[in-house]
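Remember, my numbering sits 176 above the position in the sequence shown when you count from 1.
Glycine included, every Cβ here is placed at the ideal spot set by N, Cα and C.
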Amino acid sequence: MAASEPADEALIASYLRGDMAAFDRLYRRHDRKTFAFIRQMLHPTDRATVEDLHQEGWLAVAARAASFAPGKARFSTWLYTVLRNRVLDHLRARPPQGDDDADPDGLPSCAAAPEQVLAEKRLVLAVERELLALSVEQREAFLLFTVVELSLAEIADVTQSHTETAKTRLRYAREALRHRLSEWRDG
């Protein structure tokens, strides 16, 4: 974010005063990471559900904007708490459905050699499969740290856990992924 850009907290305050453009700026600023977080928390090829939950999550952010307390947490922490709750509600309502054969979004360009494209596709599928094999708690800690780039303290706030718990979940997630994906690293 450029120094001249208003902070998230200033934008949400402007939105609460009726400035719809401020909310649009917040959305554009966080859209890609929030979508990626939701996408990876759910089955990554179920794009329609991800898009629905992403939209519902942002509607909830707009509806609950007045509950944001700038002195209590950063906007991003509050934002991912709202989105996380939407995802968990969805996961509780529907059992996860596997579809390992479907293509993930955003595959490498076909300009690469066919063998490289196939290897990259297999790696993407392996990573997504192994992310889904993690517990929800480990997966969200890993994604909040790597994709969203939250600190351990912020992850603890979002997940309503202790910092040590967030740290442990992240460590277990990394160890599991490192072990399960060792053939890709070693081979």
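| Query | Result |
| --- | --- |
| Any C-beta of chain C under 8 Å from that of Val300 | Note that chain C does not occur in the displayed structure, where there is just one protein chain. |
| Own chain partners of Glu313 with C-beta closer than 6 Å, once the 5 adjacent residues on each side are dropped | Arg345 |
| Residue environment, Gln216, which counts as buried when at least 16 other CB atoms sit within 10 Å | buried |
| Burial state of Leu235 (16 or more Cβ within 10 Å) | exposed |
| His206 (DSSP reduced to helix, strand or coil) | helix |
| Contact check, Leu229 vs Arg262, beta carbons under 8 Å | yes |
| Segments of 4+ residues assigned as alpha helix (DSSP H) that fall wholly inside the segment 236-272 | 251-269 |
| Where the alpha helix (DSSP H) containing Gln314 begins and where it ends | 312-322 |
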